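Visitor: Sharing a structure below in structure tokens format, with a few things to ask.
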Amino acid sequence: MARSCCPTTPPARPSGSAAPVRVSPSCPRPTARTPGRVAPVAAGELSETDRLSLDKAIRLAEQTCRFEFSVYVGPAEGDDTRAWATRLHNRLVAPARSVLVLVDPRRRVVEVVTGGDVRRHLTDAEVELAVLTMSSEFAAGNLAAGLQRGIAMLAEHARPQNTLHA
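Numbering-wise (full-length UniProt numbering), the sequence shown opens with residue 1 and increments by one.
If you want it as structure tokens, here you go:
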């Protein structure tokens, strides 16, 4: 149900599996760049209520901007959390149209990986603002609210602008 938040398995999408996906040469590679700072994250676990509200926030975000969102809360493998987040992102069904938010509470790290299509609408500054918003909630001890606010901000900024015709 919650395609997010499971600390022992990679995020899975209801429309596919989290197994490694081959990236075709024609598919733009996901970007693996969030500005250099790593945000501090307070430790915390998600309750079932938190998971349900996070799943609702993800569905709303996906409806808002028409991109897919995945959240991974748990330990990142290896020393390079960015590389782990990128590997998870590449396993998603449609990595070019996806946003992955990785939170490792033990290491106090937040990583956001966006696909090539998403990058056309979402800048590094907008991602950094969402990470800052999440970090402030995490510092207050509210992991679920931080994720919900951050995902909502990412979706709002990633939403394509309406074209107005005269």
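Beta carbons: idealized from backbone N, C-alpha and C, even for Gly. Please read all numbers here as calculations on a predicted model, not as lab measurements.
Give the list of continuous beta strand (DSSP E) stretches no shorter than 3 residues that lie fully inside the region 104-134.
Guide: Taking only runs of at least 3 residues, the beta strand (DSSP E) segments lying wholly in the region 104-134 are 109-114.
Visitor: Let me confirm a value: E68 is counted as buried when at least 16 other C-beta atoms fall within 10 Å, else exposed. Which label applies?
Guide: The residue is buried, with at least 16 neighbouring Cβ atoms inside 10 Å.
Visitor: What's the gap between the Cα of E89 and the Cα of T163?
Guide: One detail in the question is off: residue 89 reads as His in this sequence, not Glu. When only Cα atoms are considered, H89 and T163 end up about 30 Å apart.
Visitor: Whole angstroms is fine: what's the gap from V118's alpha carbon to A76's?
Guide: 23 Å
Visitor: Have a look at L46 and A144 and give me their C-alpha separation to the nearest angstrom.
Guide: 7 Å
Visitor: Counting only runs of 4+ residues fully inside the region 51-90, write out the alpha helix (DSSP H) ranges in chain order.
Guide: 81-90
Visitor: So, with DSSP's three-state summary, where would you put S98?
Guide: strand
Visitor: Whose CA, out of L154, T133, W84, P105, lies closest to the CA of G146?
Guide: T133
Visitor: Between which two residues does the alpha helix (DSSP H) harbouring G146 extend?
Guide: In the DSSP assignment, G146 falls within the alpha helix (DSSP H) that extends over 143-158.
Visitor: Is E137 helix, strand or coil by DSSP?
Guide: helix
Visitor: Short check: CB of P95 to CB of H121, under 7 Å?
Guide: no
Visitor: Could you compute how far the alpha carbon of I58 sits from the alpha carbon of V112?
Guide: 15 Å
Visitor: When the distance is taken between beta carbons, is V109 closer than 7 Å to R81?
Guide: The identity of residue 81 in the sequence shown is Thr, whereas the question assumes Arg. Contact flag set, yes.
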